[in-house]
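Inspection log for the structure reproduced underneath, given as structure tokens.
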Amino acid sequence: MSRSLGRFIRSTFHYATIRRHGNDGEPVGPPGLLRPTGGRRRWVVWLSALALVAAVGPGWIGRDIRSPDELARRAQAPPPSRITAEVERRQLSTSVVIRGDVRFDQATEVTVDGDIGDRSAGALVVTGRIPRPGTRLAEGAVVVEVSGRPIFVLQGALPMYRPLRPGATGTDVRQLELALGRLGLFPHRPDDIYDGRTADAVAELFRNAGYEPVERSSEERQLMGAAETHLLAARSGMREAEARLAEARRPPSRSQILAAEGGVDEARRSIEVAIARRAEAVAAGAPASELAALDGEIAAARNRLAVAESELVELISPADTRAQTRAVQDARAEVDAASSALTALSRTLGARVPRGEVIFAPSLPRVVDKVHVGLGDQPQGPVVSLAATRVMIDAAVSKEERSLLKVGSPARLDDQASAVAFAGKVFAIAETPGTEGAPPGAYRVRIAPEDADLGDLSGLNVRVTLPVRSTADDVLVVPVAALATNAAGAVSVQVEAGDALEEVLVGVGLAADGFVEVEPLRGGLSQGDFVVVGHRR
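Everything in the sequence shown is counted per my numbering, starting at 686 for the first residue and increasing by one.
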């Protein structure tokens, strides 16, 4: 209002002082227009303006005057209003979301390592199984034959950097067992230990391809023979010691006891006879020499009785077998030691994998791109080049994220900028952080796309979504902000019921992306209801 009044007064003053001039400099204007040519007319304008102010001024001033109560009411905040969200019914899932690079697998160059067979073939010579360019090689195929020995191709990220034999441990052993398992040769749970089961699977791999596995050398066979002979001798000695112990513990037979008792009785009768003869000799007045001889007979008879009684006691008493028992214990310990030595030796002498007879490629199958050798050539450098035929997505995850993933898990990949979206599966997960090009502390994850020709997307960085947990079916979900917990730990939501609010106790399930699965425990909650998630002022 004040601005409008001010504009009116200014326009009035301005209008009153307008002068229009022609070419001769004299003021001109339409007939009847005020001509401010004298002081009297200026007084008229000033008086008109003052009259106008006097007329409207009191209303204008009174309009902006407010009482303290009205100002206090205006200073109060408006009542808060509820912010609600609709209850939905849908599937809920949690995911690991990372970024990954689309790229071709690296080409694999097959070179011949000197560790072939038992190293008795002399110079290395290409002897057969030479593939043609364009040949598709699956896992377990023989790439080429050198000096009568095969070179297999298996899938794995870790190169074959050492020979593998019974007793070896490490992630490369696990990689070998995983490959053997995919070929149906190793039905056991893969681990880091090359044991007899691994050796059996390796032997079957070679025999299935028409080759004998690399077994023991002559020196190893001699060692094995000596260990087996030692074990046989130890077992024989143990059997002899156990036989002696059993003999010592065997109770006497009835006939032996009767014979011993008879010996005691006979000794007693001999004493009685000797005593009677001496009595007769005394009665007959026999000389002292004769009596002395008869006393000797009595003493001898008594000695025979003592021996007979001792033999009977020994015969019926429990035998003392402590010596025989110690001998058996020593013999058994010798058998255990010999058996352990043989087992340990056998673990190092089973079928082994020479370093030059297996190559690992990051992914299979592969296509033979180039062949650099012919039959009878002595290989120098690469003998076969295997081209990459598939695109992979390389990503990296933390230790915590890795624990949620497993090989074969589904993946969703997309790039909003290029409007690309496709599905895939986790192909491989690194065992060790910081390897295969992953940053320090991170684990390399490789994802294979499904039914997607991504050759023209090589080099693209895409978003990778790896679902790790989801509800089985559609469930009721509400925003996490709708949940409230009381002092007793019960969880509830506030549901709009007209202008009122109803508190509904709920059980909670999976939470993801700001939403949580709920199930009403007391009260009603349905799809389409509205729950309070906050308040707006």
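Idealized CB from N, CA, C, for every residue including glycine. As the structure is a computational prediction, the values presented were derived from the model and not from experiment.
Cβ neighbour criterion (16 or more within 10 Å) applied to residue i
| i | result |
| --- | --- |
| A808 | exposed |
| V738 | Only weak support exists for where V738 lies, its pLDDT of 47 falling under 50; the value from the coordinates is given anyway. Flag for V738 reads exposed. |
| L1034 | buried |
| T793 | buried |
| E862 | buried |
| I1001 | exposed |
| Y1128 | buried |
| Y879 | buried |
| L718 | For L718, the pLDDT reaches just 39, beneath the cut-off of 50, and the residue's location in the model is therefore unreliable, although a value from the coordinates is still provided. Exposed: under 16 other Cβ atoms inside 10 Å. |
| I768 | exposed |
| A823 | exposed |
| D857 | buried |
| T1117 | exposed |
| E1202 | buried |
| R720 | Residue confidence is low: R720 scores 44 on pLDDT, short of 50, so the model does not pin down where it sits. Its coordinate-derived value is still stated next. Result: exposed. |
| R1154 | exposed |
| G785 | buried |
| Q1065 | exposed |
| V1043 | buried |
| G707 | Confidence at G707 is low in this model, with a pLDDT of 43, below 50, so its placement is unreliable and the value that follows should be read with caution. Exposed. |
| Q860 | buried |
| G825 | buried |
| A864 | buried |
| V811 | buried |
| P1134 | buried |
| A961 | exposed |
| A1157 | exposed |
| S1177 | buried |
| A1036 | buried |
| R1207 | exposed |
Beta-carbon separation (whole angstroms), residue i vs residue j, contact threshold 8 Å
| i | j | result |
| --- | --- | --- |
| F1200 | V1165 | 7 Å |
| A1008 | G948 | That pair is no contact at about 27 Å. |
| L1090 | V787 | Not confirmed; about 19 Å, so no contact. |
| V1038 | P848 | 6 Å |
| G1041 | I836 | 7 Å |
| A952 | R989 | 4 Å |
| Q840 | S1048 | 7 Å |
| R1087 | D790 | So it is not a contact: roughly 22 Å between Cβ atoms. |
| A986 | S955 | 4 Å |
| R829 | V1068 | The question names Arg, yet the displayed sequence has Val at residue 829. So it is a contact: roughly 6 Å between Cβ atoms. |
| K1110 | G1122 | With 8 Å as the limit, K1110 and G1122 do not qualify as a contact, their Cβ atoms being about 20 Å apart. |
| E925 | L997 | 30 Å between Cβ atoms; not a contact. |
| T854 | L930 | Actually they do not touch by this definition, with Cβ atoms about 42 Å apart. |
| L890 | F1045 | L890 to F1045, Cβ: 14 Å. No contact. |
Beta-bridge pairing of residue i - partner residues as DSSP gives them
| i | result |
| --- | --- |
| F1112 | F1112 is not bridged to any residue. |
| A1106 | D1099 |
| P875 | BP columns for P875 are empty, so no partner. |
| I1078 | V787, I1132 |
| P835 | E830 |
| K1055 | S1070 |
| A1182 | A1185 |
| A853 | In the DSSP output, where bridge partners are listed per residue, A853 has none listed. |
| I770 | According to the sequence shown, residue 770 is Ala rather than Ile. Per DSSP, V1216. |
| P1205 | V1191 |
| V811 | V831 |
| V1176 | T1170 |
| Q840 | A1046 |
| T796 | P1067 |
| T651 | In this structure the chain extends from 686 to 1222, so residue 651 is not present and cannot be described. |
| A1196 | V1201 |
| L822 | R1051 |
| R987 | Paired residues: none, contrary to the question. |
Distance cut-off 8 Å: residue i Cβ against heavy atoms of the ligand HEM
| i | result |
| --- | --- |
| L843 | Inclusion of the ligand HEM in the displayed structure is not the case, the ligand content being empty and no account of it being possible. |
Minimum Cβ-Cβ distance from residue i to chain C less than 9 Å
| i | result |
| --- | --- |
| A971 | Structure shown: chain C not included; a single protein chain is present. |
Contact the segment 1143 to 1150 vs the segment 1095 to 1102: 3+ CB pairs below 8 Å:
yes
For the pair the segment 1181 to 1199 and the segment 794 to 803, tell me if three or more CB-CB distances fall below 8 Å. no
Mind listing, in chain order, the continuous alpha helix (DSSP H) runs of no fewer than 4 residues lying wholly within the segment 876 to 960?
881 to 893, 903 to 934
* Can at least three beta-carbon pairs, one atom from the segment 887 to 907 and one from the segment 826 to 836, be found at a separation below 8 Å? -> yes
| said: Within 8 Å, do at least three Cβ pairs link the segment 1205 to 1216 to the segment 771 to 781? | reply: yes
Taking one C-beta from the segment 775 to 783 and one from the segment 1188 to 1198 each time, how about it: are there three or more such pairs within less than 8 Å?
yes
Only counting runs of 3 or more residues, tell me where the beta strand (DSSP E) segments fall wholly within the segment 1136 to 1173, in order along the chain.
1146 to 1155, 1160 to 1164
| Is the segment 954 to 968 close to the segment 914 to 924, with three or more CB pairs under 8 Å? | no
Mind listing, in chain order, the continuous beta strand (DSSP E) runs of no fewer than 3 residues lying wholly within the segment 1006 to 1067?
-> 1043 to 1046, 1051 to 1056
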